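Asks: What follows is a single structure, and I will ask about it in a moment.
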Amino acid sequence: MANLAKPMSVEKVPVAGVCPECGAHALKRYEALSAGGWFQVVKCQDCLASVERKPWKRLGYVDRGHVDVILNARKAAKP
Ligand SMILES: [Zn+2]
-7 MANLAKPMSV EKVPVAGVCP ECGAHALKRY EALSAGGWFQ VVKCQDCLAS VERKPWKRLG
53 YVDRGHVDVI LNARKAAKP
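Numbering (this note's numbering), first residue to last: -7 to 71.
Here's what the structure looks like:
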């Protein structure tokens, strides 16, 4: 049987406070990719209102170590 990696899931961290749109106690913080790049957002999980949105890591979940692995593999493949 193939050794498949587990699917990635986003960890949503509960945030204290109430949604300014619907009043629900359902705010959570997590990372989201949008047209403008990766953002760390706080959104109401009931009505999806955005409470906070700030730029996150440019490469998202890809860290510098991953990039180095790819670059080194490319170097090694060149004649
Ligand atoms: Zn809401």
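Here a beta-carbon is modelled for each residue, glycine too, at the ideal position from N, C-alpha and C.
In this text, all values refer to a predicted model and were calculated from it rather than measured experimentally.
1. Please determine whether the Cβ atom of A(-3) lies at a distance below 7 angstroms from any heavy atom of ligand 1.
2. Who sits around ligand 1, taking every residue whose Cβ is closer than 6 angstroms to one of its heavy atoms?
3. Pick helix, strand or coil for K67, following the three-state DSSP scheme.
4. My assumption, with CB atoms under 8 angstroms, is that Q32 sits in contact with K46. Please give the rounded CB distance.
5. Please work out which residues of its chain come closer than 8 angstroms, Cβ to Cβ, to A8, disregarding the five sequence neighbours upstream and downstream, and give them in chain order.
6. Residue range of the beta strand (DSSP E) that W30 falls in?
7. How many Å lie between E3 and L63 at the Cα?
Replies: Per the coordinate set shown:
1. No, the beta carbon of A(-3) sits no closer than 7 angstroms to any heavy atom of ligand 1.
2. The set of residues with a C-beta under 6 angstroms from any non-hydrogen atom of ligand 1 comprises C11, E13, C14, A16, C36, D38, C39, A41, given in chain order.
3. In the structure shown, K67 sits in a helix (DSSP, three-state: H, G or I).
4. Indeed, because the Cβ distance is near 6 angstroms, the residues count as touching under 8 angstroms.
5. Residues of the same chain with a CB within less than 8 angstroms of the CB of A8, apart from the 5 flanking positions on each side, are L19 in chain order.
6. The continuous beta strand (DSSP E) containing W30 extends over residues 29 to 36.
7. In this structure, the CA atom of E3 is about 29 angstroms from the CA atom of L63.
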